[in-house]
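Here's the structure, in C-alpha cells; my notes come after.
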Amino acid sequence: MRPETEAELASMIEAAQGPLRVRGGGTRAVGRSAGEVLDVGGLSGITLYDPGALTMVAQAGTPLAEVEAALAAEGQRLAFEPMDHRGLLGTSGAPTVGGMAAANVSGSRRISVGACRDFMLGVRFVDGAGQIVRNGGRVMKNVTGYDLVKLMAGSWGTLGVLTEVAFKVLPRPAASATVLLPGLGNDAAVGAMSSALGSPFDVTGAAHLPEGPDGAPLTLIRIEGFAESVAYRAERLHEMFAGHAPRVERDPERIDALWRMVRDVEPFHGRAGDVWKVSCKPSDGPAVAERLGASGLLFDWGGGLVWALLPEGTDARARLAGLGGHATRVRGTGRLPTFQPEPAPVAALSEGLRRRFDPRGILNPGVMA
Amino acid sequence: MQMPDPDARVIARKSRIVARLREVLPADAVIDDIAETRAYECDALTAYRCPPLCAVLPSSTAEVSAVLRVCHEEGVPVVPRGSGTSLAGGALPTADSVILGVARMNEVLETDYPNRYIRVQTGRTNLSVTGAVEENDFFYAPDPSSQLACAIAGNVAMNSGGAHCLKYGVTTNNLLGVTMVLMDGTVVELGGAHLDAGGLDLLGVICGSEGQLGVVTEATLRILRKPEGARPVLIAFNSNEVAGACVSDIIKAGVLPVAIEFMDRPCIVACEAFAKAGYPDCEALLIVEVEGSESEIAEQLGLILQIARRHDPVELREAKDADEAGRIWLGRKSAFGAMGQINDYMCLDGTIPVSELPFVLKRIGEMSKQFGLEVANVFHAGDGNMHPLILFNANQPGQLELCEEFGAEILKLCVEVGGCLTGEHGVGIEKRDLMSVQYGAVDLDAQMAVKDVFDPQWLLNPAKVFPLDASAPRRTLAAE
C-alpha cells in the first residue's frame, strides 16, 4: 500500500482487514513486525518553511536529506542531530521525517538542546480507526490541550501513522571545536565529561570511545557558537583538563567526521552481534559497561547513553537489573523483548492508550514489545 | 464562564466524606470549615469563585494516594492545587469537589550535581528550586513571572514557560521524571535520572495535562550551570511593525538570545509611571538579553546592535553594569503590577508565528477601537508568545463580559494566523470553550481518550480544558 495523500491513507487504514507494517524509508527496522507494508513515502514534501520563525513543516514521507538541504540553504539545521541507522542496521533507503519522529531519533546534541521530541511542535496523524487527528501546531510555545505530539514521538507507529510533522529548527553555528582527551578509562572519562557538562561553557556533545580511531581510548567534548566565543571556551576547557593531555580539534570536516562516528555508532558497523542501547544516569555509565562485559562499547550523552555490542541472544537487561534507566535491543533477533518491559501500572496505561488509538490492534502490532 | 452543576448526592454526603478523609490524614490536614474553605475558592483568575466541599493538605505521596483512594471510592471530583497562581482557573473548585493542595510537600529529596538534576516534592516553589542549587552556581531554567509563588506541581500541570525559555525551553524540556498518583490511588514512576522514555512517552503527555491525569507529587528536574554573565540591551522603535521585523531579523541572523521581550506604548507609559525605569518615549521597545563570558556577550550584542541599527531605532541602550541591567529589566518585570495599579485587566496568552507579529499587533489595535477597550502589549517576542492586557473596569456592569468577548476575538486571531490559544498559561476554564476554534471534534476526542485511560471516571479536575458540551457525555457517564 502506498497512499499519495493523507485522505487516501486514512481510507486505507479504515478499510484494512489485518495488521499493517508502517514504513517511511525503511532504514530503522527495529523490533518485530508483521503484516502488509504501508509505505508512507508517497506523502512527501516540505509544506512550510519560515526561517524567521525557526519553523519547518514537512509531510511524513519527506526524505530527511531534502529537509536538511533546505535548512542548510538558510544556515539552519535540526539541532537534535538525528542518528542515521543505516550503517548499524545494514539497511538501505532514505530516512524520512516521519520515521525519525516516530522513533524519536536524536544524536549527541540531545544532552544539551534536547531530543527530537523536544523539537516537535505539531503533528497530523491517522489513528487505527482511520481518523485524521491534529495536535500541537507550528508555534514554539503551545500548551493548548494535551501534548499528543510527545506521545506520538517515539511511539513507533503504534498509536497512529504520522502524516505531517512541524519542527522547531535552529541556526547552524558559525564555528565549532572539539576538545580531545586521550587515554582515559571509563570512570575517568565520565568524570571528565561530567565536569565539562557542569561547566558554564555550553558543551553540546560529550562522548567517550574506549576504542578510538587509533585503537586507544578517546574522549570528545564539543562546543559550538560564534568564532570568538568558541575560541574562548575551547581555551577554558583546555585549561580545565590540562592534566589529561588535551588537544583541540578545530578543523570543521574532521570535527563533523568524529561526531558522525559517535552519532551513527560507526565502530560497530559491520561487526557481528546484538546491539543494545542503554539510557542511564550518566554516572552509572561505567557500571553499565562493566556489568555488560561487551565486546564493543561507546558512551554518548556524558555517559548517560551506552551503546554495547554483545554476543547474539545475550539478555543485557538481566545483567543491568537494579541500575535504573532502560535498555533497548536495537539490533538482534530472538525471544527477548526489543523495548524495556514496563512496571505493571505503567504497562497498563500504555496498553490502554494503544487500545484507544488503535482499537483493532492493526498498527505495527508488537513492534514495541 | 459556566461550570457544571455540582452533584447534589456528593454534597449530601459531605460529613461522611470528610470523616473518611480524616481517617487517612492528620486532623489539621483536612479543612471543611466553610469560612476556611474560602481560602481555596479561586486561583489568580479571581473573577470566578466557588468554595470546595473541603480541602486536604497531604504531606507525602502515601497520603496523596490514601486521599485519592477515598475520593475514588466515594466518587468525589478532585481538583489538584499547587500555589493557586493559575491565570486560567486551573485550580478553580466546584462545590462538590475536594481541593488537594500540595503546599505541605516542599522538600528537596535529592541534589545530584555530577548528573545535573534535582528531585523535589512538587509543592516546592519554582524560585526555591533554583534557591536550593544556587550556591553551587546551578539553576532551574523555566522562570514563569510568578516564580516566587508558583509551585512545581502547577508548572508541570501547565507546562509553564517564562522569559528565558527561548534558549532553555519550557517545563517539558526540563522535566526528567515524576512520581504520580492516579485517581484510584496507584503510584507510578515515570522517567528519572536518565533521558527519554523506554516505551511510550507518558511523561510528555503528563506535562501540561492540567491536573487531569494524575497528581504529580515528586519531580526530577534538570539543573544547569549558570552562565558566566548575562547582559540586556534596550532597543526603542517608532513603530510596532519595525520592532517586530527587528525580532525576526535577529533570529534569522543566528543569534539565540536567552530572551527577547517586547512592550508597546500603553505598556511603556504605565510601567514608567509605576516603576520609573527611565524608558525612552517611543512606540515599542525590545529588551534583548544574551549570556556568556564578557567577550561572548560583547560579540553577540555587537551583532544584535548592528541588526537593530538597520531598523532606525530611536534609542539603543546597552547596560554597562549590573545596576543598569537591573534598570532595563525593572519596567518589564513590574509590567503586570503597573497595569494592575491603573486598571482591572485581563491577561491573554496566545502564541503566533513570529513573522505575524506586525500584522497581529495592527489588528489588535483596530479591534481595541472597535470594542472601546484599551490594550497594552507585553510579551515574549522571540517565541511569539503574546500577552495582550485588556484594560476594563470590573465595577462597571457588562465590562467583564465585553472584555472576555474581546479576548476571545484576539485568541481566534492568533489561531487564524497559524498560532494557538495559549502558550504557557494553560486552558483551564478560561480558554476551555474556545478549544473548538483550534481543534476539531476528532482532535478533542483523541485528547479526551487519554483522560479516559488515566482517569476512567473523569473525577480529576473534570470541568477544565475541554468544552463542557464536548466532555459532557464522559462526565455524566462517570457520575452515574
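As you go down the protein sequences, you meet chains B and Z in turn.
Residue 190 in the UniProt record's numbering sits at position 190 of the first sequence, and the numbers go up by one each step.
Residue 363 in the UniProt record's numbering sits at position 363 of the second sequence, and the numbers go up by one each step.
All C-beta atoms in this analysis are idealised placements derived from N, C-alpha and C, irrespective of residue type, glycine included.
Please confirm whether residue i has its beta-carbon closer than 8 Å to some beta-carbon of chain B.
i, result
"Z/Gln306", "no"
"Z/Cys207", "yes"
"Z/Arg116", "yes"
"Z/Cys420", "yes"
"Z/Pro462", "no"
"Z/Met3", "no"
"Z/Asp96", "no"
"Z/Pro142", "no"
"Z/Ser295", "yes"
"Z/Met435", "yes"
Are any of the Cβ atoms in chain Z nearer than 8 Å to that of residue i?
i, result
"B/Ile132", "yes"
"B/Tyr146", "yes"
"B/Gly35", "no"
"B/Thr91", "no"
"B/Ser11", "no"
"B/Ser350", "yes"
"B/Gly339", "Correcting the residue identity first, residue 339 of chain B is Phe in this sequence and not Gly. By this cut-off, B/Phe339 is an interface position."
"B/Ala53", "yes"
"B/Ala174", "yes"
"B/Asp50", "yes"
"B/Met56", "no"
"B/Glu342", "yes"
"B/Leu353", "yes"
"B/Met368", "yes"
"B/Arg356", "yes"
"B/Leu307", "The residue you asked about is not Leu; residue 307 of chain B is Trp in the sequence shown. Taking Cβ atoms only, chain Z never reaches closer than 8 Å to B/Trp307, which makes this a no."
What separation, rounded to the nearest whole angstrom, lies between the Cα atoms of residue i and residue j?
i, j, result
"B/Arg248", "B/Ala234", "Note on identity: in this sequence residue 248 of chain B is Val, with Arg being the wrong assignment. Spanning the two alpha carbons is a distance of roughly 7 Å."
"Z/Ala95", "Z/Arg9", "12 Å"
"residue 543 of chain Z", "B/Ala101", "Since the first residue shown for chain Z is 1 and the last is 480, residue 543 of chain Z is missing from the structure and cannot be characterised."
"Z/Asn343", "Z/Asn393", "7 Å"
"Z/Cys71", "Z/Leu53", "12 Å"
"Z/Glu374", "Z/Arg310", "31 Å"
"B/Val143", "Z/Thr422", "6 Å"
"B/Trp259", "B/Ser108", "8 Å"
"Z/Glu134", "Z/Val120", "15 Å"
"Z/Leu68", "Z/Asn159", "23 Å"
"B/Ile221", "Z/Gln399", "59 Å"
"B/Arg124", "Z/Leu256", "29 Å"
"B/Thr55", "B/Pro282", "32 Å"
"Z/Ile352", "B/Val57", "15 Å"
Using a cut-off of 7 Å between C-beta atoms, extract the partners of residue i located in chain B.
i, result
"Z/Ala197", "Gly154"
"Z/Asp443", "Val133, Arg134 and Asn135"
"Z/Gly101", "Those within 7 Å of Z/Gly101 in chain B number zero; the least Cβ separation is about 22 Å."
"Z/Glu299", "Phe226, Glu228 and Ser229"
"Z/Gly426", "Val143"
So which residues on chain B does residue i lean against when the C-beta distance must stay under 8 Å?
i, result
"Z/Asn159", "Val143 and Asp147"
"Z/Asp201", "Asn104, Arg117, Lys150, Leu151, Ala153, Gly154 and Ser155"
"Z/Leu256", "Leu170 and Pro171"
"Z/Gly372", "Simply none; closest approach about 28 Å."
Would you mind telling me which residues of chain Z sit closer than 8 Å to residue i, beta carbon to beta carbon, in chain order?
i, result
"B/Asp127", "Ala446"
"B/Thr163", "The contacting residues do not exist; B/Thr163 stays about 14 Å from chain Z at best."
"B/Ser279", "His194, Leu195, Asp196 and Gly198"
So which residues on chain Z does residue i lean against when the C-beta distance must stay under 7 Å?
i, result
"B/Ser283", "Pro114 and Asn115"
"B/Pro345", "Thr186 and Val188"
"residue 410 of chain B", "Here chain B covers residues 1 to 369 and nothing more, so residue 410 of chain B does not appear."
"B/Arg110", "Leu195"
Exercise for review: Return the residues of the region 320–336 of chain B that lie within a Cβ-Cβ distance of less than 9 Å from chain Z, sorted by chain order.
Suggested key: Within the region 320–336 of chain B, the residues whose Cβ lies closer than 9 Å to any Cβ of chain Z are, in chain order, Gly324, Gly325, His326, Ala327 and Thr328.
Ignoring anything shorter than 3 residues, give me the beta strand (DSSP E) runs that lie fully in the region 379–430 of chain Z, in order along the chain. The qualifying runs are 388–392.
TODO: Just list the beta strand (DSSP E) runs in the region 119–205 of chain B, keeping only unbroken ones of 3 residues or longer that don't cross its boundaries, in chain order.
DONE: 120–127, 132–136, 160–168 and 175–182
What are the complete alpha helix (DSSP H) segments, minimum 4 residues, inside the region 28–101 of chain B?
64–73 and 86–89
>> Give the list of continuous beta strand (DSSP E) stretches no shorter than 3 residues that lie fully inside the region 107–171 of chain Z.
In response: Positions of the beta strand (DSSP E) runs, each at least 3 residues long and wholly inside the region 107–171 of chain Z, are given as 108–112 and 117–121 in order along the chain.
Positions along the region 260–282 of chain Z whose CB lies within less than 9 Å of some CB in chain B
none
Notebook entry, point to check: Which parts of the region 235–306 of chain B are runs of the alpha helix (DSSP H), unbroken and 4 residues or longer, counting only runs that do not cross its ends?
Noted result: 252–263 and 285–292
Segments assigned beta strand (DSSP E), at least 3 residues, entirely inside the region 307–375 of chain Z: Within the region 307–375 of chain Z, complete beta strand (DSSP E) segments of at least 3 residues are found at 315–318 and 344–347, given in chain order.
Problem - Near-chain Z residues of the region 184–213 of chain B (beta-carbon distance less than 7 Å), N- to C-terminal order - result: Cβ contacts with chain Z come from Ser194, Leu197, Gly198, Ser199 and Pro200.
Which residues, in order along the region 225–251 of chain B, keep a beta-carbon less than 7 Å from a beta-carbon of chain Z? Phe226, Glu228, Ser229 and Tyr232
Runs of beta strand (DSSP E) wholly within the region 26–77 of chain Z (minimum 3 residues, chain order) | 54–56
- Item | Residues, ordered as in the chain, of the region 240–253 of chain Z that lie near chain B by beta-carbon distance below 7 Å | Across the region 240–253 of chain Z, CB contacts with chain B closer than 7 Å involve Ser248, Ile251 and Lys252, in sequence order along the chain.
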